[in-house]
Amino acid sequence: MNGGGNGIRGARRGAAVWAVAVYAALVALPLAAAGRLPEPVATHWSGSGGPDGSTPFWGVAAFPAGLWTVLLAGLALSTRWTGGAVRPGHAAALAAAGVLVTGAQASIVHANLDHVVWTEADGVGLDVTLVLTASLLAGLVVGLATRRTAVLASAARAGGPGDEPAGGPQLDIPAGERFAWLSRAVNRWLLLTAALSALLAAGTAVAAVAGLVGTPWPALVPLVIVSISVYLCSTVQALVTPKGLEVAFGPAGWPVRRWPVEAIASARAEQRTPAQVGGWGYRLSGLGTTVMLRRGDCLVIHPHEGADFAVSVDDAERGAALLNSLAARHTTG
Amino acid sequence: MLLKLDLTDSRPLHEQVAGAIRRAIAEGECAPGDRLPPARELSRALGVNANTVLRGLRALRDEGVLEFRRGRGVTVLAGADQRARLADQAGALLAEATRLGYSRADLVELIRRLP
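Next comes the structure, spelled out in structure tokens:
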């Protein structure tokens, strides 16, 4: 039986192979039929069955490949966010979406095959039904299979050694006392950046309403996104209680990311710099996830599953010590 | 900062909260002039209702340990560390006197007669 680590590695390798295979199919299908397709190619059909939209030949491969990339990125991010474990839902989505885009590509090529003009392309009614059914089935089968594997892996892990909180500092908690550790970090520059971009966004919106500029979306949307994301990373609060670790983002203390004490294998303090993790804010790097507001002291936790999580707050040594003691107490009784 | 709450303490909760913060100040967890974490966060840290935390904070303000300032939150007053330590010791003294059967007035009289 595979241990948890092997299971995750196997699942990652499987997902990577699947991702590449879908890319290959998306590009290879139109290329293989290149000589027999009209230019442009029919890529959209109306409800009554006839084609009503077209795309140049290069877009037939590029558009679904782009869609697939966005989907992969979304799934990768959400896997990281949930601690890197194998989620049956993610695997099912990956399978269903892969079948869906590949099937759609196949039916587009099929409908256009040997037509001179895109408006004469065949209907795709039957293909759509077939592709949707296949996609649903693939999702269902993979989801069920992954759930079985995930359950087995976690059962194997629960019995296995090497997961007890080892190493790292500890703190003595006298019987009958409740200890809690709080720390926060503020980056005034990030707060200022958030305020400035919010101001710019408001200005753009007002100018658009007044009719001074045309469509404001290309400027407005990035400004609003930058403003909100920088605002959320300008302040961070870490709280260690007997329940576990809570990290609250933004001056309003929301959203909050929680790590139950039983999910934490060990904790430590570490010196990190923005250069090491690729800048300020919410960073994903080889060191795992780092919420970086300033260089220096970081509280780093090593969860049982997934990558390390670090947050740059003062007095991290004692926070880590308290977490280790709480985790040790949790496992011993 | 590290907060310690004695779970065997039988005093009302708001007094325990005040005691925990007084103890944190006395142990140098937060220095005079420092801002205290918001009440909402303290309530999550101590596992106590936010109103109870506010009641404890108000008691500390009346004691001269904390200062409430609009827009600046709750800050630790200068000299609060010594004051908090003294208040802590006085509390312990009173508890000991009560245990031995002395009333509050007896204790005051005892202190008055000290050279």
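Those protein sequences? They're chains X and A, same order as listed. Start counting the first sequence at 1; every next residue gets the next number (my numbering). Start counting the second sequence at 334; every next residue gets the next number (my numbering). All residues carry an ideal CB built from backbone N, CA and C; glycine is no exception. Predicted, not measured: the structure shown is a model, and the values here were computed from it.
Residue range R188 to V209 is occupied by the alpha helix (DSSP H) that includes X/T193. Between X/L171 and X/R318 a beta carbon distance of about 7 Å is seen, short of the 8 Å cut, so the two are scored as contacting. For A/D367, no Cβ of chain X is located within less than 8 Å of the residue's own Cβ. Annotated three-state conformation of X/L245 is strand, per DSSP. Within the stretch 257-310 of chain X, the complete alpha helix (DSSP H) runs of at least 4 residues fall at 274-277. In the structure shown, X/Q237 adopts extended strand secondary structure according to DSSP, grouped into three states. Taken through DSSP and simplified to helix, strand or coil, X/P218 comes out as helix.
For the options X/V221, X/V313 and X/P40, the alpha carbon positioned closest to that of X/V109 is the one of X/P40. The beta-carbon distance between A/L379 and A/L426, rounded to whole angstroms, is 25 Å. This is too long to meet the 8 Å contact definition. Annotation: Cβ neighbours of X/G176 in chain A (cutoff 7 Å, chain order): D339, L340 and T341. Of all residues in the stretch 366-386 of chain A, only P370, P371, R373, E374, L375, R377, A378, L379 and G380 come within less than 9 Å of chain X when Cβ atoms are compared, listed by chain position.
Against A/L335, the close residues of chain X are F179, W181 and R318, in the order they occur along the chain (beta-carbon pairs closer than 7 Å). For the stretch 187-221 of chain X, there are no residues whose beta carbon sits under 7 Å from a beta carbon of chain A. Per the Cβ contact rule, the stretch 216-223 of chain X is in contact with the stretch 200-207 of chain X (3 or more Cβ pairs under 8 Å). Non-local beta-carbon contacts of X/R36 in its own chain, meaning distances under 6 Å to residues more than five positions away in sequence, involve L113 and D114 in chain order.
Residue pairing by DSSP puts A/F401 in a beta bridge opposite A/V407. The contact set of X/T241 on chain A, defined by CB atoms closer than 8 Å, consists of R377, A378 and G380 in chain order.
With contacts defined by Cβ atoms closer than 8 Å, X/A106 and X/L31 do not form a contacting pair. Between A/A364 and A/L336, the C-beta spacing is not below 8 Å. A contact is defined here as three or more CB-CB pairs under 8 Å, and the stretch 116-136 of chain X meets this definition with respect to the stretch 91-103 of chain X. Contact between X/V300 and X/R268 holds: their C-beta atoms lie close to 5 Å from each other, under 8 Å.
Residues of chain A with a Cβ closer than 7 Å to the Cβ of X/Q170 do not exist; the shortest Cβ-Cβ separation is about 14 Å.
For X/P303, the closest C-alpha among the options X/G279, X/P251, X/S266 and X/L212 is that of X/S266.
Counting C-beta atoms within 10 angstroms of its own C-beta, A/L369 has 16 or more neighbours from the protein chains shown and is therefore classed as buried. Here the alpha carbons of X/A145 and A/A392 stand approximately 59 Å from one another.
For the stretch 273-297 of chain X, the set of positions with a beta-carbon nearer than 9 Å to some beta-carbon of chain A is empty. Contacts with chain A at 8 Å (Cβ-Cβ) include X/G253.
DSSP places X/T146 in the helix class (H, G or I) of the three-state scheme. Taking C-beta atoms under 8 Å as the contact rule, X/S312 and X/R272 qualify, at a distance of about 7 Å.
In the structure shown, the three-state DSSP call for X/E317 is helix.
If you draw a straight line from the Cα of A/V386 to the Cα of A/A351, it is about 8 Å long. Annotated three-state conformation of X/L126 is helix, per DSSP.
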